[in-house]
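For reference, the structure is listed below as structure tokens.
Residue numbers (UniProt numbering): 1 to 329.
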């Protein structure tokens, strides 16, 4: 198995649909209904025709820029059928309050033609993270490309303030937001746009960290857009900090983030430290990935671009929930 970076996971070649393609112990349950003890019943039971014999695209390098990919894709059993690229295109969704959200679409036309019944897959990034950086950083760790090569129509959103979506004025608190805005405004905008642009009746939602929490929240609250979720898969979406060093650092974090957390500036700076401060860089990197699983150059590329500004209210919500008795789910 190739390396994994945060939510950017390369799955084994014997993937059966999407279920079980991540290096995590994931429970596969039918249906998407029901929330139990703060956790949503997670469904990774994809379409009945989602049996895959491996990639139908022969991929070349992708730089994560969001432009057209250079990967060649086609049927390995019919090499004379001609090679076509793994297409990467940019789209947009607009929220009810006027924010423009960037949507990154990844498709392999030849593979999609052979798996025409497959529903689109949304790969939603976590807190303060860019979608392309999380799921399509480069070909060697691209979950988006991996699924596209198996016939899925993959959509990677940037939530408000992140990646290539509209950015706030960090000095103007009126442009700041909370998890509530991601859930009640961004989530339905992404779902509605993907359904409209793909023509599909439903979609699969795979969320990393907060990206998974949004689907959980939508199902638990019965949001209209949640009816479009055929399945939900969460990656690292439950965090429990009570009694840990996270809880001890809560007050310190609150003071440091009184005007928000400028992750896009702070994290690349800290993780580039060398000499006597190198252990600090290593410790911060460890918050994002397991060193043994990630090539140093991939880690640097990820942390150099994945994070954006996180408003103080959003930080407060996460720290308060994380360190609470029920944790954060």
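Even glycine gets a Cβ: it sits at the ideal position worked out from N, Cα and C. Given the structure is predicted, the values throughout are model-derived calculations rather than measurements.
Could you work out which residue in the options is closest to residue i when comparing CA atoms only?
i           : options               : result
residue 190 : 261, 321 and 218      : 218
residue 259 : 169, 303 and 287      : 169
residue 288 : 277, 304, 88 and 108  : 304
residue 339 : 235, 165, 229 and 139 : The displayed coordinates of the chain run from 1 to 329. Any statement about residue 339 would go beyond what the structure contains.
residue 208 : 128, 310 and 276      : 128
residue 102 : 108, 256, 187 and 261 : 187
residue 91  : 227, 233 and 192      : 192
residue 88  : 278, 97, 149 and 118  : 149
residue 321 : 94, 210, 181 and 146  : 210
From residue i to residue j, what distance separates their C-alpha atoms?
i           : j           : result
residue 157 : residue 315 : 21 Å
residue 136 : residue 216 : 24 Å
residue 291 : residue 123 : 23 Å
residue 141 : residue 202 : 27 Å
residue 175 : residue 162 : 13 Å
residue 283 : residue 299 : 13 Å
residue 312 : residue 114 : 47 Å
residue 198 : residue 116 : 12 Å
residue 325 : residue 108 : 45 Å
residue 310 : residue 261 : 5 Å
residue 126 : residue 317 : 14 Å
residue 306 : residue 144 : 16 Å
residue 226 : residue 183 : 11 Å
residue 256 : residue 302 : 23 Å
residue 274 : residue 265 : 17 Å
residue 276 : residue 133 : 29 Å
residue 231 : residue 164 : 26 Å
residue 138 : residue 85  : 15 Å
residue 286 : residue 118 : 36 Å
residue 40  : residue 166 : With a pLDDT of 32 at residue 40, under the threshold of 50, the modelled position of that residue is not reliable, and no figure is offered here.
residue 93  : residue 196 : 10 Å
residue 278 : residue 222 : 47 Å
residue 296 : residue 267 : 15 Å
residue 272 : residue 235 : 27 Å
residue 220 : residue 233 : 15 Å
residue 172 : residue 181 : 17 Å
For residue i versus residue j, is the C-beta spacing smaller than 8 Å?
i           : j           : result
residue 111 : residue 151 : yes
residue 205 : residue 160 : no
residue 105 : residue 179 : no
residue 237 : residue 263 : no
residue 254 : residue 319 : yes
residue 270 : residue 280 : yes
residue 96  : residue 185 : yes
residue 308 : residue 130 : yes
State the start and end residues of the unbroken alpha helix (DSSP H) segment that holds residue i.
i           : result
residue 111 : 109-114
residue 271 : 263-271
residue 299 : 296-303
residue 284 : 278-286
Assuming residue i is part of the beta strand (DSSP E), what are its boundary residues?
i           : result
residue 230 : 229-235
residue 94  : 87-94
Does any residue of chain B have a CB that is nearer than 8 Å to the CB of residue i?
i           : result
residue 138 : Looking for chain B here will not work: only one protein chain is present.
What are the complete alpha helix (DSSP H) segments, minimum 4 residues, inside the UniProt domain "AB hydrolase-1" (120-221)? 131-135, 143-148, 187-198 and 210-221
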